[in-house]
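Student: This is the structure I have questions about; it appears just below.
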Amino acid sequence: MSDFAINYEKDTWVHRLDPRVKLLYILVFCTIPLFFTDAKYVLACGLLVVPVWLSAKIDPRPIRALLWAAVVFGLVTVLFSTFYNYDYPDNKVLLDLGFMRATKIGLTSGITLGIRAVIPYVVALLLICTTDPAQLAKAMMKMHMPMSVSFMMMGALRMFPLVSSEMSNVSTAQTIRGVEKGGFKKTFNAFKLAVTPLMINSLRKSRTTGLAVESKGFGMRAWKDYYQEFKFKTSDYIMLVFCIAVFIAAFVMRYVFHLGINPLVKGQ
Amino acid sequence: MAEAKAKKGNLKFNAVDLITCVVFAALVRVLFLVFKMAGVVFPFNHSFMQMFSTFCFTACCAVVKKKWTCFYYTIGWVAIDFFLQGEHWLYWIYAFVGSLIVEFIMDAVGKSKFPDDPTDVYHSNWMYLFGFIYMCFYFWFTFWMIFNVFLVPCEVWMMLVAFLGAVVLSLLGTKLGLAVGIQGHKLTSN
């Protein structure tokens, strides 16, 4: 499904950034869109991400499944909010299906909430596509995170594409053998048939990888030392200042000047 | 003495156990991504998510059969969510607090009900209770996030139906996970 390695190998300023700065970037840009409920402010947050995304020259093909998932997630949010029963007296009805009504306030809320939901998705993909998980794990250990937790995170990022491709292989094998898919019942049946081989193959892989890791001294905690140095460069400092400035500006706008709030957009 | 030391050594988490947790953490996300094709809509997709979650949680605990499995498994899937889906950092609070609470409950039950080998609790019917508690934490934290952080609206009755569905499906997930996990443990420990 997703092979991120194709994108790691590029050499742009985003790729060269220190993984710790990228972690801060992801934290800031996953948080600030959620400060606002006014579409203009949410869009502005999104626009701040665009130049960084474009300059990273990410090939979208290996991550199209994840991009597609982001779009679907955003659209579901839009659809759900559009048909939600916002109880306002001057609410204009756009579509009446009898048991459900799409309203103008609902649609506006939906679009805002959809964009809000998609921005963090895209920002996280930027980090994943430009950083080798091993680098990320080392950076986390540099921040004094326990080795086993850093290893878990690195392993999760490495294993996810492997398990995904295993699932893809099982699915292809099912197609060749004539397993029918489409519709809830058939998809569910195909899914049931896929679970056992997927699990057995994944477990087999985990044993092989685990033993290889153990044989390289993981159990003796020999992985605590590494030659690579992590030093901030000028571009890292610039990005660091940018992230802090954006966060402070967003925080002040939202919580000091009470800007960026659309009172019609609300959850429960 | 040497036997006790060897037994204690066997209970320590090694790379194979960590990677097994990682595999189950990846598996739960992959299963859910694939299941999305079946077209179950929000909020009922969360009921099915709980089935996959408890299935992988129970299977992972049964295969590894060591303390801290729940914690590492949860760290694994939260890491995948965070890095691949840009999930909110508040989920890390759940990963640490929620999983540790379940971990301590499992440990306490293991020590009181299985004094000879507390890890036998991971192969016992107590897993239904642990799976239920794990599901409740996960479900309510997710919906708290959906309502209060993402502001996605949802009718309360729909959420309650989704929760009932999650209870039933998580029991099914635990049943399957326990069966598969015990078999998996036999295979991997030989």
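Chains as they are written, first to last, in the numbering used here: chain B, 4 to 271; chain E, 1034 to 1223. Every residue, glycine too, gets a C-beta built ideally from N, C-alpha and C.
1. Assuming B:M156 contacts E:A1112 (C-beta within less than 8 angstroms), just tell me the rounded distance between them.
2. Within 10 angstroms of its Cβ, does B:S167 collect 16 or more other Cβ (buried), or is it exposed?
3. Where does E:V1182 fall in DSSP's three states?
4. Just to check my reading of the structure: E:S1132 and E:C1103 have Cβ atoms closer than 8 angstroms, yes? What is that Cβ distance to the nearest angstrom?
5. Among B:G186, B:P63 and B:L98, which one has its Cα closest to the Cα of B:T85?
6. Does the beta-carbon of B:D21 have 16 or more other beta-carbons within 10 angstroms, so that it is buried, or is it exposed?
7. Closer than 8 angstroms by C-beta to B:G185: which residues in its own chain qualify, once you throw out the five before and the five after it? Chain order, please.
8. Let's test the definition: count the other Cβ atoms within 10 Å of the Cβ of B:S218 and tell me whether it reaches 16, buried, or not, exposed.
9. So, is the C-beta of E:D1140 closer than 9 angstroms to a C-beta in chain B?
10. Measure the beta-carbon distance from B:A142 to B:F245 and round it to whole angstroms, keeping in mind my assumption that it falls under 8 angstroms.
11. Kindly say whether E:Y1105, judged by its beta-carbon, lies nearer than 9 angstroms to any beta-carbon of chain B.
12. Is the Cβ of B:M155 closer than 9 angstroms to any Cβ of chain E?
13. Answer with yes or no whether the minimum CB distance from B:M4 to chain E is below 9 angstroms.
14. What is the DSSP secondary structure of B:V24, counted as helix, strand or coil?
15. Any contact of the stretch 1172-1188 of chain E with the stretch 1134-1147 of chain E, i.e. 3+ C-beta pairs under 8 angstroms?
16. Is any beta-carbon of chain B found at less than 9 angstroms from that of E:P1186?
17. So what does DSSP say about B:R180, is it helix, strand or coil?
18. Taking the alpha-carbon positions, what's the B:W71 to B:R64 distance?
19. Which bits of chain B does E:A1195 rub up against, with CB to CB less than 8 angstroms?
20. List, in order along the chain, the chain B residues whose C-beta lies closer than 8 angstroms to that of E:A1112?
21. For a cutoff of 9 angstroms on Cβ pairs, would you count E:A1058 as touching chain B?
22. Tell me whether B:R64 counts as near the ligand GTP, meaning its Cβ is closer than 8 angstroms to at least one heavy atom of that ligand.
23. Hey, how far is the Cα of E:H1218 from the Cα of B:A140?
24. Could you tell me which whole alpha helix (DSSP H) segments of length 4 or greater appear in the stretch 203-269 of chain B?
25. Looking only at C-alpha atoms, which of B:G158, B:R180, B:A176 and B:R19 sits nearest to B:S209?
26. Can you pull the DSSP bridge partners for B:D99?
27. Using alpha carbons as the reference points, say which of B:R119, B:F39, B:D135 and B:A105 lies closest to B:V74.
28. Please classify E:Y1171 as buried or exposed, where buried requires at least 16 neighbouring CB atoms within 10 angstroms.
29. Among E:C1089, E:F1180, E:L1117 and E:Y1127, whose alpha-carbon lies nearest the alpha-carbon of E:G1001?
30. State yes or no: is the beta carbon of E:T1102 nearer than 9 angstroms to at least one beta carbon in chain B?
31. Should B:N10 be labelled buried (16 or more other beta-carbon atoms within 10 Å of its own) or exposed?
32. What first and last residue would you give for the alpha helix (DSSP H) that runs through B:P136?
33. Apart from the five residues just before and just after E:K1098, which ones in its own chain have a Cβ nearer than 6 angstroms to its Cβ?
34. Pop quiz: B:L201 and B:M170 are said to be a contact at Cβ under 8 angstroms. What is the actual Cβ separation, rounded to whole angstroms?
35. Could you name the residues of the same chain whose beta carbon sits closer than 6 angstroms to that of B:V45, not counting the 5 residues immediately before and after it, in chain order?
36. Would you check if there are 3 or more beta carbon pairs closer than 8 angstroms linking the stretch 1105-1122 of chain E to the stretch 1052-1065 of chain E?
Tutor: Let me spell this out:
1. Your pair B:M156 and E:A1112 checks out as a contact, with CB atoms roughly 4 angstroms apart and the cut at 8 angstroms.
2. In this structure B:S167 is buried. Its beta-carbon is surrounded by 16 or more other beta-carbon atoms within 10 angstroms.
3. Residue state for E:V1182 is assigned as coil, using DSSP reduced to three classes.
4. Correct: roughly 5 angstroms between the Cβ atoms.
5. Comparing Cα-Cα distances from B:T85 to each of B:G186, B:P63 and B:L98, the minimum goes to B:L98.
6. Buried: at least 16 other Cβ atoms inside 10 Å.
7. Cβ within range, chain order: n/a, list empty.
8. With fewer than 16 other Cβ atoms within 10 Å, it is exposed.
9. Chain B contact via Cβ: absent.
10. B:A142 to B:F245, Cβ: 19 angstroms. No contact.
11. Judged by the 9 angstroms Cβ criterion, E:Y1105 is in contact with chain B.
12. When Cβ-Cβ separations below 9 angstroms define contact, B:M155 makes contact with chain E.
13. Annotation note: pLDDT 47 at B:M4 (below 50); position unreliable, coordinate value reported separately. Interface with chain E (9 angstroms Cβ-Cβ cutoff): B:M4 is included.
14. Helix, per DSSP.
15. With the cut-off at 8 angstroms, the stretch 1172-1188 of chain E and the stretch 1134-1147 of chain E do not touch.
16. Taking Cβ atoms only, chain B reaches closer than 9 angstroms to E:P1186, which makes this a yes.
17. B:R180 falls in the coil class under three-state DSSP.
18. Straight across, the Cα-Cα distance linking B:W71 with B:R64 is about 11 angstroms.
19. In chain order: nothing, as chain B lies at least about 13 angstroms away.
20. The contact set of E:A1112 on chain B, defined by CB atoms closer than 8 angstroms, consists of M155, M156, A159 and L160 in chain order.
21. Yes, E:A1058 counts as interfacial toward chain B.
22. In the structure shown, the ligand GTP is absent, as is every other ligand, since no ligand is present at all.
23. Their Cα atoms are separated by approximately 29 angstroms.
24. Those alpha helix (DSSP H) runs which fall completely within the stretch 203-269 of chain B and span 4+ residues are 237-258.
25. When only C-alpha atoms are compared, the closest one is B:G158.
26. According to DSSP, B:D99 bridges with B:R104.
27. Out of B:R119, B:F39, B:D135 and B:A105, B:R119 has the C-alpha closest to the C-alpha of B:V74.
28. Buried, by the Cβ-count rule.
29. In the structure as shown, chain E begins at 1034 and stops at 1223. Residue 1001 of chain E is therefore absent and cannot be evaluated.
30. Closer than 9 angstroms: no.
31. Counting Cβ neighbours within 10 Å, B:N10 comes out buried, since at least 16 surround it.
32. Here the alpha helix (DSSP H) through B:P136 covers P136 to K145.
33. T1152, Y1155 and H1218.
34. Sure, about 6 angstroms apart at Cβ, within 8 angstroms.
35. Cβ within range, chain order: P36, F39, T115, I118 and R119.
36. In short, these stretches touch, since the Cβ pair count reaches three.
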